[in-house]
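Protein chains: 2
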Amino acid sequence: MSNTSKLFEIGKKVDPIMTKYLIEGASEDFKPILLHQIEAGGKRIRPAIVLLSCEAAGGNPEWAIWVAAALELIHNYTLLYDDIIDRGELRRGKKTTRAVYGDAMALLAGLHYREAINKLINRSPASYKLHELISQAIIELTEGERLDILFEQAGRTENYITEKRITTPSWSLYLDLIQKKTASLLIASARAGAIVADAPPEVEESFSKYGLNLGIAFQVIDDYLDLFGKEEKFGKEIGKDIKEHKLSNALILLALEELDYKNKEKLLSILRKESSAEEISEGIELIKSTKARERAINFAEERVKIAKTAINFLPDSNAKTLLNELADSVVKREV
Amino acid sequence: MSNTSKLFEIGKKVDPIMTKYLIEGASEDFKPILLHQIEAGGKRIRPAIVLLSCEAAGGNPEWAIWVAAALELIHNYTLLYDDIIDRGELRRGKKTTRAVYGDAMALLAGLHYREAINKLINRSPASYKLHELISQAIIELTEGERLDILFEQAGRTENYITEKRITTPSWSLYLDLIQKKTASLLIASARAGAIVADAPPEVEESFSKYGLNLGIAFQVIDDYLDLFGKEEKFGKEIGKDIKEHKLSNALILLALEELDYKNKEKLLSILRKESSAEEISEGIELIKSTKARERAINFAEERVKIAKTAINFLPDSNAKTLLNELADSVVKREV
Chain A
79 MSNTSKLFEI GKKVDPIMTK YLIEGASEDF KPILLHQIEA GGKRIRPAIV LLSCEAAGGN
139 PEWAIWVAAA LELIHNYTLL YDDIIDRGEL RRGKKTTRAV YGDAMALLAG LHYREAINKL
199 INRSPASYKL HELISQAIIE LTEGERLDIL FEQAGRTENY ITEKRITTPS WSLYLDLIQK
259 KTASLLIASA RAGAIVADAP PEVEESFSKY GLNLGIAFQV IDDYLDLFGK EEKFGKEIGK
319 DIKEHKLSNA LILLALEELD YKNKEKLLSI LRKESSAEEI SEGIELIKST KARERAINFA
379 EERVKIAKTA INFLPDSNAK TLLNELADSV VKREV
Chain B
79 MSNTSKLFEI GKKVDPIMTK YLIEGASEDF KPILLHQIEA GGKRIRPAIV LLSCEAAGGN
139 PEWAIWVAAA LELIHNYTLL YDDIIDRGEL RRGKKTTRAV YGDAMALLAG LHYREAINKL
199 INRSPASYKL HELISQAIIE LTEGERLDIL FEQAGRTENY ITEKRITTPS WSLYLDLIQK
259 KTASLLIASA RAGAIVADAP PEVEESFSKY GLNLGIAFQV IDDYLDLFGK EEKFGKEIGK
319 DIKEHKLSNA LILLALEELD YKNKEKLLSI LRKESSAEEI SEGIELIKST KARERAINFA
379 EERVKIAKTA INFLPDSNAK TLLNELADSV VKREV
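From first to last, the protein sequence lines stand for chains A and B. Quick note on my numbering: the first sequence kicks off at 79 and runs consecutively. Quick note on my numbering: the second sequence kicks off at 79 and runs consecutively.
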């Protein structure tokens, strides 16, 4: 078995408990709506990190199963709402919950998800601390989503959004954004494992550093794949970020640094309008003409190194090896 | 000071702590969006019930302040989402959060509300039990909202909704609906006070009964006021339920029981289409021609009696007197 599928098998362990808590207390007619999102698949990376972090920190991963299931549900909870906000029709090649059942029902499903998460956390050892941890993470995710919307260069007409729109972002603002929208949940995952293992604060901090750098690398590679991935492998439409007017893509930002005035304006104009497939390809070609791809990959590789170094002090274990391999797999998935 | 304003003063005590937890961890640009909903006013009934129940059960209400604030935030959390689902523009005479900031930002605000609630509960004594209590209540509220949508006779095109629509509801199905959409949060409020007071299970059960019957009475009177209230006093548009095609109004259901075939079909047809103000008045007249008003008020008064009887065993106290008066005020607000 490859290590990727080994990681998937570990993360998958939460599925029965996640499903059980998700449908608990729901009416028969509501259950299909609730199950739609989690049955759409996913790599189960977050629960794998929780379980492995717990074990690598010297804890018994069996005690981390509830919070691991909660972390996977939080991820799906945010996807449900992302699709409402972005009017998403497809995800992982399947119709989204809102596309099948409508926005109102998808929204209600999200409310129910949050309570399943709450019950899972309440069931966990160290529940008090875990409640604080995940509330913090969801608050950051929410702010990340707010910033992500403001990074869009067109497509929304609300006054608040057009007034606050971020049109000339710095790299550090981008890092702030992806730390919130992506890394925060990986930080919480790694940290949750350490908390259940009752690890000392400095160990928890090291896991936090692992999650942070893993999350940043993950998002930068995701941005890469959005523009240069293979559609069938990536499971998402290529150039979706351009189509959705998102300036919050590392490669677009890096390319804009390099392009001359004329080409920079051209790329920005493609982002600002409802572009055709041809224009999107043109935008991708412009990015290709710069060193953005190389720089993004170097940046992500550097972050993976930092993530691995952060947990290097741990005694050798199977779990530690898998956490290192998980970090490596983030960058490897692009080639 | 009248007892209504005394109750309001008690409920208002949570405002500073509610605001503090709500904006904690939020960026400056997000705060106005978060504050909009709670600054729109409200009678603060739920926190008043929490604080009074705690005191009437022999506890110190100072210890119930966090969960009281949480209950008021839960109420506002559901209003935020109700307005998204019903495309509401006005509430309590003010523009809704979604009307000012758009659906996407209102949705993100809701996510943040839920975490403020979580932190408030975590801060409370008996937090483990309170987490379970409020998750249960929110799950019921969500199911209540789902049923409420299915009680609508027109206005939504999603397949799921048109297929599952409830066109011939029974009174018991209506009671199930309002128990979930309205009473569940009043049950949780009364129960939360008893939990913080560390009251024995049978006392908690009595408070639950108080909340249930109060909630049912409250919703039936709300349905009455929707059709026969005075706009400026009620703070809502008259006939909104008819306009929104809602068959989930006690008075409409009671009237339908009495009307002859022709008038029954007429009232239903008004509910099923986009009706003019004139047609809405015509519908109200049809309801007026039956004994629905009288029956609804009798029903609500009966429920208020049951609510008061449920807590009658408690030793006399100022808090008990106010809980009784709060119950009475629910029916009194109609005259």
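Just so you know, even glycine gets a beta-carbon here, dropped at the ideal spot from N, CA and C.
From the beta carbon of R243 of chain B, is the nearest beta carbon of chain A less than 8 Å away?
no
Does any CB atom of chain D fall closer than 8 Å to the CB of R124 of chain A?
Protein chains in the displayed structure are A and B, and chain D is not among them.
Alpha helix (DSSP H) segments (min. 4 residues) lying fully within the region 337-394 of chain B
339-350, 355-366 and 370-388
Which first and last residues belong to the alpha helix (DSSP H) in which R26 of chain B is found?
Residue 26 of chain B lies beyond the range of chain B shown here (79 to 413); nothing can be said about it.
Classify K324 of chain A as buried or exposed, calling it buried when 16 or more other Cβ atoms lie within 10 Å of its own Cβ.
buried
Top-ranked residue by Cα proximity to G137 of chain A, from A:K84, A:A204 and A:N390:
Measuring from the Cα of G137 of chain A, the nearest candidate turns out to be A:A204.
Proximity below 8 Å, CB of E389 of chain B to CB of Y288 of chain B
Correcting the residue identity first, residue 389 of chain B is Ile in this sequence and not Glu. Going by beta carbons, I389 of chain B and Y288 of chain B fall inside the 8 Å limit.
K308 of chain A - DSSP class collapsed to helix/strand/coil
coil
Taking only three categories from DSSP, how would you classify E322 of chain A?
coil
For L263 of chain B versus L158 of chain B, is the C-beta spacing smaller than 8 Å?
no
Take K321 of chain B and list the residues in its own chain whose beta-carbon comes closer than 8 Å to its own, dropping the five residues that flank it on each side.
E315, S353 and I358
How would you label N376 of chain A, buried or exposed, when you count the other beta carbons within 10 angstroms and need 16 or more for buried?
exposed
Note down, in chain order, every chain B residue with its Cβ under 8 Å from the Cβ of E236 of chain A.
Chain B residues near E236 of chain A: Y179, G180, A182 and M183.
Please compile the residues from chain B whose C-beta is within a distance smaller than 7 Å of the C-beta of D107 of chain A.
K242
Please list the segments of the alpha helix (DSSP H) lying wholly inside the region 146-212 of chain B, counting only runs of 4 or more residues, in order along the chain.
175-179 and 181-201
Within 8 Å (strictly less), CB to CB, does T97 of chain A reach chain B?
no
How far does the alpha helix (DSSP H) with T97 of chain B in it extend, from its first residue to its last?
D93 to I101
Quick one: is H190 of chain A near chain B, going by C-beta distance under 8 Å?
yes
The alpha helix (DSSP H) with T82 of chain A in it runs from where to where?
Judged by DSSP secondary structure, T82 of chain A falls within the alpha helix (DSSP H) whose first and last residues are N81 to K90.
Taking all protein chains shown into account, do 16 or more other C-beta atoms lie within 10 angstroms of the C-beta of R165 of chain B, making it buried, or fewer, making it exposed?
exposed
Rounding to the nearest angstrom, what Cα-Cα distance links H190 of chain B and T220 of chain A in this structure?
7 Å
With 16 other Cβ atoms within 10 Å as the buried cut-off, status of N200 of chain B:
buried
Can you name the residues of chain A whose CB is closer than 7 Å to the CB of N200 of chain B?
Y206, H209 and E210
Can you confirm whether N196 of chain A, when its beta carbon is compared against all beta carbons of chain B, has any partner nearer than 8 Å?
Closer than 8 Å to the CB of N196 of chain A there is at least one CB belonging to chain B.
Name, in chain order, the residues that DSSP records as bridge partners for E230 of chain B.
BP columns for E230 of chain B point to B:K324.
Looking at the C-beta of V413 of chain A, does it have a partner C-beta in chain B at a distance below 8 Å?
Unreliable positioning characterises V413 of chain A in this predicted model, as indicated by a pLDDT of 45, which lies under 50. A coordinate reading is not provided.
Kindly indicate if chain A contains any beta-carbon less than 8 Å away from that of S213 of chain B.
yes
Throw me the rounded Cβ distance for the K258 of chain B and G222 of chain B pair, which I believe falls under 8 Å.
3 Å
Whole-angstrom distance between Y155 of chain A and G188 of chain B, CA atom to CA atom
Those two C-alpha atoms are separated by around 13 Å.
Can you tell which of A:F108, A:Y206 and A:I95 has its C-alpha closest to the C-alpha of L151 of chain A?
A:I95
Are there 16 or more other CB atoms within 10 angstroms of the CB of V413 of chain B, so buried, or fewer, so exposed?
For V413 of chain B, the predicted model reports a pLDDT of 45, less than 50, meaning its position is unreliable; a value from the coordinates is still stated below. Label assigned to V413 of chain B: exposed.
Beta-carbon proximity check, G293 of chain A vs I273 of chain A, cutoff 8 Å:
no
My guess is that A405 of chain B and A134 of chain B are in contact by the Cβ rule of under 8 Å, so how many angstroms apart are they, rounded?
Incorrect: roughly 12 Å between the Cβ atoms, too far for contact.
With a CB to CB cut of under 8 Å and the five nearest residues on each side skipped, what residues in its chain are close to I143 of chain A?
K91, V92, I95 and L129
Return yes when the Cβ of V145 of chain A is within less than 8 Å of the Cβ of S213 of chain A, no when it is not.
no
Along the chain, where does the alpha helix (DSSP H) containing T240 of chain B start, and where does it finish?
N237 to K242
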